[in-house]
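Novice: The following block contains the structure, expressed as structure tokens.
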Amino acid sequence: MDKRWSLQGMTALVTGAASGIGYAIVEELASFGAIIHICDISETLLSQSLSEWEKKGFQVSGSICDVASRPDREKLMQTVSSLFDGKLNILVNNVGVIRGKPTTEYVAEDFSYHISTNLEPAFHFSQLSHLLLKASGFGSIVFMSSATGVVSVQCGSIYSLTKGALNQLTRNLACEWAKDGIRANAVAPNVVKTPLSQSYLEDVGFKEALFSRTPLGRAGEPNEVASLVVFLCLPAASYITGQTICIDGGFTVNAFSYKPQA
1 MDKRWSLQGM TALVTGAASG IGYAIVEELA SFGAIIHICD ISETLLSQSL SEWEKKGFQV
61 SGSICDVASR PDREKLMQTV SSLFDGKLNI LVNNVGVIRG KPTTEYVAED FSYHISTNLE
121 PAFHFSQLSH LLLKASGFGS IVFMSSATGV VSVQCGSIYS LTKGALNQLT RNLACEWAKD
181 GIRANAVAPN VVKTPLSQSY LEDVGFKEAL FSRTPLGRAG EPNEVASLVV FLCLPAASYI
241 TGQTICIDGG FTVNAFSYKP QA
């Protein structure tokens, strides 16, 4: 295989990876030859996922981690540094939570909940990973953003602002750390079929409105998002940095849809 399209021997850390999009990212990274460490807050899901990957012959290890806890984050990075001999090629900041409410109904705890889970860990993990990524000689950070960080979607203004902040962090790190051989990009999905979005897709009105605005007329699949994430980590994508790439079935470019009545 052309080395541009291989991650053979490269190391990766994926946060929140025992289910949903994170799980799909691990499967894709492993299929390209990466050696992966993951973290998740659920011991049950982590154990189950690691067992499944072992049966497939994937090189994946894992740790329990509450990413909202600074000590947990620091402990995780110590583990990763020890495991990969002080080098890391890929960091995927994947963890995200959402509480959808009208803006006037949010309370202070809602704000801190989103910031401490969606934004602060991604920033801190990037900081902690800098020397490891630099030492690898080929570093790539991918932030899991959202279409809601690009356009206005009525699913929760605090969630959206955390995703918009990740998009700006992507641009800053891409410019600041390019000299260290580190690229940074963000992936911004539309609604994807995961446990996080299940309640939205079960809302018939929301689902109809979403699909009518989305040219491809459906929600995304986790493996579709994973494919883009892994592409951005490949040597083939070595000239791509600082970008927020929407993977949304055309949602963010569709300003107006009109279907004449028959």
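Residues in the sequence shown are numbered consecutively from 1, following our numbering.
Using N, Cα and C, we set each Cβ at its ideal position, and we do this for glycine too.
All of these numbers come straight from a predicted model, not from anything done at the bench.
When the cut-off is 7 Å and only beta carbons count, does G9 lie next to chain B?
Specialist: No chain B is part of this structure, which consists of one protein chain only.
Novice: If you count every other CB in all the chains shown that lies within 10 Å of the CB of F256, and 16 or more means buried, which is it?
Specialist: Flag for F256 reads exposed.
Novice: Comparing alpha-carbon positions, which option in D2, R183, Y113 lies nearest G240?
Specialist: The sequence shown places Ile at residue 240, rather than the Gly named in the question. Nearest C-alpha to I240: R183.
Novice: Between K55 and I21, what straight-line distance do the alpha-carbon atoms span, to the nearest angstrom?
Specialist: About 20 Å.
Novice: Using only CA atoms, which one of S81, I115, I90 lies nearest to C233?
Specialist: It is I90 whose Cα lies nearest to the Cα of C233.
Novice: Using a Cβ-Cβ cutoff of less than 7 Å, which residues in the same chain neighbour N94 once the five nearest sequence positions on both sides are dropped?
Specialist: Cβ within range, chain order: V14, T15, G16, A17, I21, G22, I25, M144.
Novice: Looking at the structure shown, is P222 part of a helix, part of a strand, or coil, going by DSSP?
Specialist: The answer is helix: DSSP assigns P222 an H, G or I state.
Novice: Can you list, in chain order, the residues of its chain whose CB lies under 7 Å from that of G181, leaving out five sequence neighbours each side?
Specialist: Around G181: K134, G137, F138, G139.
Novice: Which partner residues does I90 have in the DSSP bridge list?
Specialist: DSSP, once it has assigned bridges, lists A12, S140 as partnering I90.
Novice: Give me, in chain order, the residues of the same chain whose beta-carbon lies closer than 6 Å to that of A12; leave out the 5 immediate sequence neighbours on both sides.
Specialist: So the list reads L29, A34, I36, I90, once near-sequence residues are dropped.
Novice: Look up V204 in the DSSP assignment and give the residues it is bridged to.
Specialist: Its beta-bridge partners do not exist; DSSP assigns none.
Novice: Looking at the strands, I want to know which residues DSSP matches up with D40.
Specialist: D40 pairs with I64.
Novice: Apart from the five residues just before and just after R213, which ones in its own chain have a Cβ nearer than 8 Å to its Cβ?
Specialist: Correct list, in chain order: F251, N254, S257.
Novice: Assuming the contact rule is C-beta atoms closer than 8 Å, L50 and I64 should be a hit. Round their C-beta distance to whole Å, please.
Specialist: Rounded, the Cβ-Cβ distance is 11 Å, inconsistent with contact.
Novice: What does the alpha-carbon distance come out to for the pair A122 and T104?
Specialist: Each residue's Cα considered, the two are about 27 Å apart.
Novice: Taking the CB atoms as reference points, tell me whether A188 and S146 lie closer together than 7 Å.
Specialist: Going by C-beta atoms, A188 is nearer than 7 Å to S146.
Novice: Drop a sphere of 10 angstroms on the beta-carbon of G217, count the other beta-carbons inside from all chains shown, and report buried for 16 or more, exposed for fewer.
Specialist: By the neighbour-count rule (16 or more Cβ atoms within 10 Å), G217 is not buried but exposed.
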